[in-house]
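Heads up: the structure comes next, in structure tokens.
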Amino acid sequence: MEERSLSFTSSWSVVVDFCYVLSHNRAGARQTGNNMGTLLRPAVRARSYLYAYFFQVGRDWLVYGSDRRLIAQCGSIASSHHGLTFANSLILLPHQLQPPSDAMADANVENVEEHLQAIFSQSKNDTPDLKQAGDAFQAIANTLRLPTAAPTRDELGKSELPEALVSFWKSAIPDTNSRPTGAARTCILELLRVAANLCNDNDPNRQRLLDVGLLQLLLPMLSAYSQEGIELELEDLKVTKTSLGAVFMRLVRFIIDTLRTKLIEMDAPLIVLKLSNEIYEVGSWTKTISGDEEPESWTWRSGLSGWTRRLLESLLELGRVRSEPTPKFGPSVLPYLLKPLDIFSSQGSRTPTATHNSTSKSTEASPPDLIAADLEALEASCTLLESLALDSEVIRLAIASDANLLRIILRFIEFAQPLPEWRTNGSTGKDNAKWDKKVGLCKGAVIKALVTVAGEDRAISSLWDDTKLDGGNQAAPGGWFVAAMLTWIKQYRNVDPSDARDDLVICATLTLGNLARRDDYCVALVAPPSSIVPDLVPFITPVTDMKVKHGVLGLLKHLAQPVPNKMVLGDAGVLEALSASGVWDSESDRAEAVQASAVGIAKHLCLSNVSNTLRLVLPPPTAQPATPAVASPVIDDDDDEPSGMDQVINLSQRSDTVALKSEAARVLVNAVKSLWSPAGPEESIAVSAGQRKRAIRRLSNRQSTRALAELVGRSRKYPVLLNEGIVALTLLGSQHHGAPYVISAYDRALDVPMAVVTGNKSSVEEGGTLQHPKLIDMLSIILKNEDKVFPPQLRANVCTLFASVSSLDAPALRIIEKVKRTIKPILSDIVAADKEEPVVQTAAKKILDTWAES
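For the sequence shown, counting from 1, position 499 maps to 758 in our numbering; every step adds exactly one.
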């Protein structure tokens, strides 16, 4: 090409030369039939550099130049990730890329005054000549774009030009809600170019344009362009895009708090979303384009779509930068925001292997830029939906209360896939995998949004239909939405891996888990006809994806809390499945949230329930592993197989997280308390004395008492946990198998920081600083109650612990004598105190009397 030899005096030459090489690589690939992937790889690597260059260094000279095609192609490079289209455009128009010479610049500056006077003169007429004004605006805009035009921009900003822009706008568009045509449209386009170049690196001019009301005029015109069903000409697209790119994107960088709020009040997000959907409807190009050539109108349309998304993202980002809440986009934006989701889900299949089935016989490749634009539009909608759901209660409530919006979201999650009309040459499999991945990521964002909506307290009444619980239609307790979630779980409980839909199961379980925060809802999900528990148990396996386990176990943790549900979950084998799933093993320690949910299930099911406690404490009758996966803390020749409780205790000792350690210890607390309680009438299996005795023996060991002692040692700030641990130690120590272990726990160093036990106060024992706290130290602190923070009943229970535990073993007797030397002075002070709680004094006197008799 002859243009290749042109010499450029500015840095643009580097970019143009680079784009030229890329374009010829592309052409060569077509002519020779070589693999395009190899030749186009430089374009992929360079696209981010091109984007940065055109929009940070040279955007003013190109975007606001006189050639409209360059404006279109600049938008294309901004809105898509395909650099070659823009590269070819530059080669087609090299004569327009040369920077203006100094002589040209001087001439333009001299002529600007003449054009400015023409504008001022025309602005005073009731019916100005719009064609003449358009020509004058074009000349002024061309001058303002020059690198040397900064002083001119300053002068014109202080003149009457901003007011003249508004005056001509009103003359060109008398009805603010209409679209300009003919000369009026050309005048508006050039007027916008003037406004944009006035704003170039000039904050005072930006403020001037805001003060004269240009923004208020711009929004109604954009709203007129966003009306559904209108036919837009290419010139309309140019005006619309210039409005967004030349003015909005310039002004949005300067937006102050009040203006940002005003944009929201003027429904700018809704107008922009409607405009984006109307001008570029996802996938609509497949009905008019055949082959991979992209018509100029679609270049403009896709570019405009990209700019609308960037404008919305800018509004959101401004709020984050200023540490403000997300803009309060009203619920009116949701139908337009969800439109791309609806399109992508309209031809999908529930089965992953059935994607990309199309009845079309066309084998021509689709324009890659438009495929990319479709995916980017979908991604932008899904990302914005997720952001709004996370940040806006109004949006969460609007989604929850609108069945149509919910159905669009559910259809997208279940059926969305790449559009079947998309086609490529030579690498279909690779491209399809890339498209599938992108759509999958979008589904993830939408799932997160839906789960967040379900977590909104005020949305529960909309998502769960209470009328179905009280004498209503029991065929669907909770209503259609809950039924849809249950269906997803039931359909994929036992399927081949190739047909699995983990995304649906994850979404359904997390959503129902957020809804199941009332006992009556939990009971309804467990009882017929829902009967969800048997459908959840099959997911509790060693090979189940950890994200699926997270959803399933989180839901079961809620379902395990109501008393009527405890036996249902126990009889369904939930505890046995947890024990066999490996969720409490060290291999699962990275999934701490999943382990915590499993611990929570065990804690709730063992509370006041002997049958479930036996299921957890005793090993399965059929378990005969050659090598136990978890060492049992019980040393019995006939009962040394590991149980679920053994795994929980090991997790408590292994974990570095205080909350998880404490919750695991509370499973042990509930188990001990249940074994010392009578079985309830609702329990489905007969609990024999032998089973109860066997379970107590399994819990009477060093590991159990250590876990309980450390629960007490690290719970100074939590009297409830202190009391639970002390009561469990008292019960274990009350029988002869457990007493030696409890007594030894008094004097054993705890794996608890000193400051946690002492409350950041120094503790001194026998004249030296105590470095390794023991259980006896924590119990002494509770009895002394120097900070007046421990309840009387808790202190009385400490006395009961000392009085109830005894042993004739020699090591135990030595520890008991040491305990007496430490505790007797404290008890004597309690008995002698004038203002001590009676319940504590009585308990202290009783233990002193007991020790005196012994």
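Here a beta-carbon is modelled for each residue, glycine too, at the ideal position from N, C-alpha and C. Values in this document were obtained by computation on a predicted structure and should not be read as measured data.
- For residue 441, the uninterrupted alpha helix (DSSP H) segment begins and ends at 441 to 457.
- Among the bridge pairs identified by DSSP, residue 737 is matched with 724.
- Under the three-pair Cβ rule at 8 Å, the segment 839 to 858 counts as touching the segment 902 to 916.
- Inclusion of residue 927 and residue 857 in the CB contact set at 8 Å is not warranted, their separation being larger than that value.
- Taking all protein chains shown into account, residue 805 has fewer than 16 neighbouring C-beta atoms within 10 Å of its C-beta and is therefore exposed.
- Under the three-state reduction of DSSP, residue 657 is assigned to helix.
- Residue 982 sits away from residue 868, with the two beta carbons spaced by 8 Å or more.
- Per the coordinates, the alpha-carbon of residue 955 lies some 54 Å from the alpha-carbon of residue 675.
- The alpha carbon of residue 391 has as its nearest neighbour, out of 534, 449, 414 and 994, the alpha carbon of 449.
- Scanning the segment 930 to 986 from its first residue to its last, no whole beta strand (DSSP E) run of 3-plus residues comes out.
- Taking a C-beta distance under 8 Å as the contact criterion, residue 632 and residue 565 qualify as a contact pair.
- Beta-bridge analysis with DSSP links residue 1008 to 1033.
- The beta carbon of residue 1099 sits closer than 7 Å to those of 1051, 1054, 1055 and 1089, all from its chain and outside the five residues before and after it, given in chain order.
- The continuous alpha helix (DSSP H) containing residue 536 extends over residues 527 to 538.
- With respect to residue 872, residue 947 sits apart: the two C-beta atoms are not nearer than 8 Å.
- For residue 820, the three-state secondary structure derived from DSSP is coil.
- In the DSSP annotation of this structure, the continuous segment of the alpha helix (DSSP H) that includes residue 909 starts and ends at 903 to 913.
- Three or more Cβ pairs closer than 8 Å define a contact, and the segment 776 to 788 falls short of that threshold against the segment 749 to 756.
- Using a C-beta cut-off of 8 Å, the segment 638 to 647 makes contact with the segment 699 to 712, since at least three inter-stretch Cβ pairs fall below that distance.
- Nearest to residue 1035 by alpha-carbon distance, out of 491, 588, 916 and 968, is 968.
- Put simply, the segment 554 to 574 touches the segment 490 to 502. At least three CB pairs are less than 8 Å apart.
- Bounds of the alpha helix (DSSP H) holding residue 595 are 593 to 596.
- Assignment of residue 417 by DSSP, reduced to helix, strand and coil, places it in the helix class.
- Residue 1085 is positioned such that its CB atom lies closer than 8 Å to that of residue 1039.
- If you ignore the 5 residues before and after residue 778, its C-beta comes within less than 6 Å of the C-beta of 821, all in its own chain and listed in chain order.
- The Cβ neighbour count for residue 645, taken over all protein chains shown within 10 Å, is at least 16; the residue is labelled buried.
- Here residue 595 is buried: its Cβ has 16 or more other Cβ atoms, across all protein chains shown, within 10 Å.
- If you look at residue 462, you'll find it in the alpha helix (DSSP H) that goes 462 to 470.
- The Cβ atoms of residue 656 and residue 718 lie closer than 8 Å to each other.
- The continuous stretches of alpha helix (DSSP H) do not include residue 751, and DSSP gives it neither H nor E.
- Judged by DSSP in its simplified three-state form, residue 379 adopts helix.
- It is roughly 52 Å from the alpha-carbon of residue 977 to the alpha-carbon of residue 693.
- For residue 1110, the enclosing alpha helix (DSSP H) starts and ends at 1097 to 1112.
- The Cβ-Cβ distance between residue 1013 and residue 971 does not fall below 8 Å.
- Judged by beta-carbon spacing, residue 604 lies within the 8 Å limit of residue 670, meaning their Cβ atoms are closer than that value.
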